[in-house]
Amino acid sequence: MSLIQIQNYINGNLVDAISGNALSNVNPATGEIFAMIPDSDSADVLEAIEAAKCAQADWSNMPMETRFDWIMKIANGIQARFDEFVLAESTDNGKPTWLAAQSDIPRAISNFKFFASAQMNFPSESHHTPGQGLNYTLRRPLGVVGCISPWNLPLYLFSWKIAPALAAGNTVVAKPSEITPYTSYLLSTVCKEIDFPKGVLNVVHGLGAKVGQAIVEHKDIKAVAFTGGTQTGRIINEICARQFKKVSLELGGKNPNIIFDDANLEEAVDTTIRSSFNNQGQICLCGSRIFVQESIYEAFKSLFIKRVEALTVGDPYTDINLGAVVSQDHQQKILSYIQLAKEEGGTILTGGEAFHPEGRCKNGFFIKPTVIEGLSHLCRVNQEEIFGPVVTLTPFKSEVYAIEMANSTPYGLACSIWTQDVKKAHQVAEQIESGIVWINTWMVRDLRTPFGGMKESGMGREGGFEAMRFFTEPKNVFVKY
Ligand code: TXE
Numbered sequence: 095m096s097l098i099q100i101q102n103y104i105n106g107n108l109v110d111a112i113s114g115n116a117l118s119n120v121n122p123a124t125g126e127i128f129a130m131i132p133d134s135d136s137a138d139v140l141e142a143i144e145a146a147k148c149a150q151a152d153w154s155n156m157p158m159e160t161r162f163d164w165i166m167k168i169a170n171g172i173q174a175r176f177d178e179f180v181l182a183e184s185t186d187n188g189k190p191t192w193l194a195a196q197s198d199i200p201r202a203i204s205n206f207k208f209f210a211s212a213q214m215n216f217p218s219e220s221h222h223t224p225g226q227g228l229n230y231t232l233r234r235p236l237g238v239v240g241c242i243s244p245w246n247l248p249l250y251l252f253s254w255k256i257a258p259a260l261a262a263g264n265t266v267v268a269k270p271s272e273i274t275p276y277t278s279y280l281l282s283t284v285c286k287e288i289d290f291p292k293g294v295l296n297v298v299h300g301l302g303a304k305v306g307q308a309i310v311e312h313k314d315i316k317a318v319a320f321t322g323g324t325q326t327g328r329i330i331n332e333i334c335a336r337q338f339k340k341v342s343l344e345l346g347g348k349n350p351n352i353i354f355d356d357a358n359l360e361e362a363v364d365t366t367i368r369s370s371f372n373n374q375g376q377i378c379l380c381g382s383r384i385f386v387q388e389s390i391y392e393a394f395k396s397l398f399i400k401r402v403e404a405l406t407v408g409d410p411y412t413d414i415n416l417g418a419v420v421s422q423d424h425q426q427k428i429l430s431y432i433q434l435a436k437e438e439g440g441t442i443l444t445g446g447e448a449f450h451p452e453g454r455c456k457n458g459f460f461i462k463p464t465v466i467e468g469l470s471h472l473c474r475v476n477q478e479e480i481f482g483p484v485v486t487l488t489p490f491k492s493e494v495y496a497i498e499m500a501n502s503t504p505y506g507l508a509c510s511i512w513t514q515d516v517k518k519a520h521q522v523a524e525q526i527e528s529g530i531v532w533i534n535t536w537m538v539r540d541l542r543t544p545f546g547g548m549k550e551s552g553m554g555r556e557g558g559f560e561a562m563r564f565f566t567e568p569k570n571v572f573v574k575y
């Protein structure tokens, strides 16, 4: 089978890297190279920035309704090729096709629809200074902005950044992860099909340290929105700080699930299965540390393990629960944490090893869903982000201790609290150090709500008007009367 040739999208054209160099792109479920992507560098980034600068004035001064129409055309263009996008996302990332069809691609479409409409509803503020006059706040687009996204939810997170950036009237230079570039390439083919205005969106493929960093460093990039690892976030933040550049960082997580003894056990187990192993545990919101109140610990554990052992792993194109993890390197990283758990005194209750399916996927990168107990909440396995199908179980006696353990990591992204006691739920939610708290559920997302993390999980908030504020510059105008 011939390899798919992924191209950059610059100034409305689909082009190879100027250097002519390319990188290979592996299907993690088979271990085979299925596509080549441009190995771009700062020369390609410069062209993209120039195109975005030229397109800026027309795009930002366009009537809101025309901009709405353009962004909706992107959403409809993806919808029209829905099955192609689903298959591409699964092939590139290793995730089950049902998951891409249920979550990734519908959500990417929603992101465009949501922000197309958000820019028409985005209110401006005014403040009356009694006896003197009136202030009003103008919010203008920033100019050319950079959007950099990771591999775990490729089109979902790529669109979560570029949709508000475009809606707010900016032009964009974007870089998807080099590990999962396929659906952002398909998106650029949709833009080509609908004749999207040239230079408004530019997609440059390639390595983070070459392409991503060149975007972040360029003086004409007015803001950077990034999702990815905490270490990369630190590098980007330092560069932006030197240039006083606006930056939004959505980084790692080590999220706690706190299950009190008055929780609805069935529902808690059911949802904890999803929060642990959905997308092979590769969602920044996955709960990887499960704290269970002592009196129900054994009951929870036996039900949970029974359910985990019933999960199926294998060919993402079939009706399995877990597909492949994203790459061989990532598989090795996850396995090294399982080994570390053993060294740190943990007991593997189930899983704990790679999985080798029969047939088409025999060389793919799979890991059995893994549950570990017997670890201190302060050990490395319970402090560092593993980002795979690996969770730990830890009992707790009192609410105070559960909160202390939950807050003990450098991260603070998300938390799930399980209890029927309304008062306790609110009290614990207030004390948890994380940007997002769910009570008796997980991963319910309303796109209007602020999304982001505390501590080393990031800076700033995305979502709704938070994103519209990030991608605009406020200017106060005072009128004397
Ligand atoms: O992420 P990177 P990686 C976590 C997870 C994972 C770890 C590393 O624990 O194991 O991070 O994953 C671009 N300047 N998360 O290495 O490198 C890169 O090309 C500018 C959590 O894949 O941070 C890609 O487009 N850009 C997470 C993007 O940054 C740079 C999702 C993210 O890649 C760059 C993914 C640089 N110097 C991983 N270096 C989450 N929170 O959702 C890299 N990039």
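According to the numbering used here, the stretch in the sequence shown is residues 95 to 575, in order. The beta-carbon is built from N, C-alpha and C at its ideal position, and this holds for glycine as well.
- Tell me whether the beta-carbon of A357 lies closer than 8 angstroms to the beta-carbon of Y276. Taking the first residue of the sequence shown as 1, we reach residue 357 at position 263. Taking the first residue of the sequence shown as 1, we reach residue 276 at position 182. Inclusion of A357 and Y276 in the CB contact set at 8 angstroms is not warranted, their separation being larger than that value.
- alpha helix (DSSP H) runs contained entirely in the region 499 to 534, provided each spans 4 or more residues: Listed in chain order, the complete alpha helix (DSSP H) runs (minimum 4 residues) inside the region 499 to 534 are 516 to 525.
- Per-residue DSSP class, three states only, for M585: Residue 585 is absent from the structure shown; the chain starts at 95 and stops at 575.
- Query: In three-state terms, what does DSSP make of F460?
  - Reply: As a working note, residue 460 is residue 366 in the sequence shown. Residue state for F460 is assigned as strand, using DSSP reduced to three classes.
- Query: Does the Cβ of Q337 lie closer than 7 angstroms to at least one heavy atom of ligand 1?
  - Reply: In the sequence shown, the residue the question calls residue 337 occupies position 243. No, the beta carbon of Q337 sits no closer than 7 angstroms to any heavy atom of ligand 1.
- Task: Return yes when the C-beta of N570 is under 7 angstroms from any heavy atom of ligand 1, and no when it is not.
- Result: Stepping through the sequence shown from its first residue, residue 570 is reached at position 476. The answer is no for N570.
- Item | Distance cut-off 7 angstroms: F490 Cβ against heavy atoms of ligand 1 | Residue 490 sits at position 396 when you count from the first residue of the sequence shown. For F490, the CB stays at least 7 angstroms from every heavy atom of ligand 1.
- Just reading off the beta strand (DSSP E) that V180 is part of, what are its end residues? Residue numbering aside, residue 180 sits at position 86 when the sequence shown is read from its first letter. Run containing V180: none in the beta strand (DSSP E); it sits in the alpha helix (DSSP H), F176 to N187.
- Task: Report the residue ranges of all alpha helix (DSSP H) runs contained in full by the region 319 to 354; include only those spanning at least 4 residues, in chain order.
- Result: Runs found: 324 to 336.
- Message: Can you give me the C-alpha to C-alpha distance between C241 and A268, rounded to a whole angstrom?
- Response: Translated into positions along the sequence shown, residue 241 becomes position 147. Translated into positions along the sequence shown, residue 268 becomes position 174. Rounded to the nearest angstrom, the gap between the Cα atoms of C241 and A268 is 5 angstroms.
- What residue range is occupied by the uninterrupted beta strand (DSSP E) comprising V538? Counting from one through the sequence shown, the residue named residue 538 turns up at place 444. Careful: V538 lies outside any beta strand (DSSP E) and carries neither H nor E.
- S218, DSSP secondary structure in three states: The sequence position of residue 218 within the sequence shown is 124, counting from 1. S218 falls in the coil class under three-state DSSP.
- Query: Taking C-alpha atoms, which residue in E467, H312, S382 and L434 lies nearest to A137?
  - Reply: In the sequence shown, the residue the question calls residue 137 occupies position 43. It is H312.
- Can you tell me whether L443 is buried or exposed, with buried defined as 16 or more other CB within 10 angstroms of its CB? On the sequence shown, residue 443 is found 349 positions in, with the first residue counted as 1. Result: buried.
- Message: For the structure I just gave you, are there three or more beta carbon pairs, one from the region 222 to 238 and one from the region 564 to 572, closer than 8 angstroms?
- Response: The region 222 to 238 is in contact with the region 564 to 572.
- Nearest to A202 by CA position, among L280, E344, G375 and G106, is which residue? Within the sequence shown, residue 202 is the residue found at index 108, counting from 1. Ranking the options by Cα distance to A202, first place goes to L280.
- Message: Please list the terminal residues of the continuous alpha helix (DSSP H) segment that includes P248.
- Response: Walking along the sequence shown from the start, residue 248 turns up at place 154. Element bounds for P248: P248 to A261.
- Query: Is it buried or exposed for L251, if we count other Cβ within 10 angstroms and need 16 for buried?
  - Reply: Stepping through the sequence shown from its first residue, residue 251 is reached at position 157. Counting the other Cβ atoms within 10 Å of the Cβ of L251 gives 16 or more, which makes it buried.
- Query: How far does the beta strand (DSSP E) with R454 in it reach, from first residue to last?
  - Reply: Position 360 of the sequence shown, counted from the start, is the residue given in the question as residue 454. For R454, there is no enclosing beta strand (DSSP E), as DSSP marks it with neither H nor E.
- Item | Minimum C-alpha distance to V402 - residue among C380, K427 and I367 | For the purposes of this step, residue 402 is taken as the residue at position 308 of the sequence shown. Ranking C380, K427 and I367 by Cα distance to V402 puts I367 first.
- What's the gap between the Cα of D364 and the Cα of F371? For the purposes of this step, residue 364 is identified with residue 270 of the sequence shown, where counting begins at 1. For the purposes of this step, residue 371 is identified with residue 277 of the sequence shown, where counting begins at 1. Going by C-alpha positions, D364 is about 11 angstroms away from F371.
- Figure out for me which residue from A116, G188, G125 and G263 has the closest Cα to the Cα of D152. As a first step, residue 152 is located in the sequence shown; it is residue number 58 there, counting from the start. Of the listed residues, the one whose Cα sits closest to D152 is G263.
- Which runs of the alpha helix (DSSP H), 4 residues or longer, sit entirely within the region 461 to 499? Fully enclosed alpha helix (DSSP H) runs of 4 or longer: 474 to 477.
- Would the region 520 to 534 and the region 410 to 422 be scored as touching if the rule is three or more Cβ pairs under 8 angstroms? With contact defined as three or more Cβ pairs closer than 8 angstroms, the region 520 to 534 and the region 410 to 422 are not in contact.
- Where V538 and I377 are concerned, what is the direct C-alpha to C-alpha distance, given to the nearest angstrom? Taking the first residue of the sequence shown as 1, we reach residue 538 at position 444. Taking the first residue of the sequence shown as 1, we reach residue 377 at position 283. One C-alpha to the other measures close to 13 angstroms.
- Does any heavy atom of ligand 1 sit closer than 7 angstroms to the C-beta of I432? Residue 432 sits at position 338 when you count from the first residue of the sequence shown. Distance from the C-beta of I432 to the nearest heavy atom of ligand 1 is not below 7 angstroms.
- Query: Any heavy atom of ligand 1 closer than 7 angstroms to the CB of F50?
  - Reply: Any question about residue 50 goes unanswered here, given that the chain covers just 95 to 575.
- Would you list the residues sitting across from M553 in a DSSP beta bridge? One-based indexing of the sequence shown puts residue 553 at position 459. Beta-bridge analysis with DSSP links M553 to L343.
- Status (buried if at least 16 other CB within 10 Å, exposed otherwise) for G114: Taking the first residue of the sequence shown as position 1, residue 114 is located at position 20. The residue in question, G114, is exposed, as its Cβ has fewer than 16 Cβ neighbours within 10 Å.
- Task: Examine the Cβ distances between the region 129 to 143 and the region 321 to 337 and report whether three or more of them are shorter than 8 angstroms.
- Result: With the rule of 3 Cβ pairs closer than 8 angstroms, the region 129 to 143 does not count as touching the region 321 to 337.
- Query: Under the three-state reduction of DSSP, which class applies to S382: helix, strand or coil?
  - Reply: Residue 382 sits at position 288 when you count from the first residue of the sequence shown. Under the three-state reduction of DSSP output, S382 falls in the strand class.
- Task: Please work out which residues of its chain come closer than 6 angstroms, Cβ to Cβ, to V120, disregarding the five sequence neighbours upstream and downstream, and give them in chain order.
- Result: Translated into positions along the sequence shown, residue 120 becomes position 26. These residues qualify, in order along the chain: I127.
- Task: Grab the span of the beta strand (DSSP E) containing E567 for me, first residue to last.
- Result: Numbered from 1 along the sequence shown, position 473 holds the residue referred to as residue 567. It spans T566 to K574 - the beta strand (DSSP E) in which E567 sits, taken as one unbroken run.
- Item | Helix, strand or coil at N115 according to DSSP, with G and I counted as helix | Stepping through the sequence shown from its first residue, residue 115 is reached at position 21. In this structure, N115 counts as coil in the three-state DSSP scheme.
- Helix, strand or coil: how does DSSP classify I273 here? Counting from one through the sequence shown, the residue named residue 273 turns up at place 179. The answer is coil: DSSP assigns I273 none of H, G, I, E or B.
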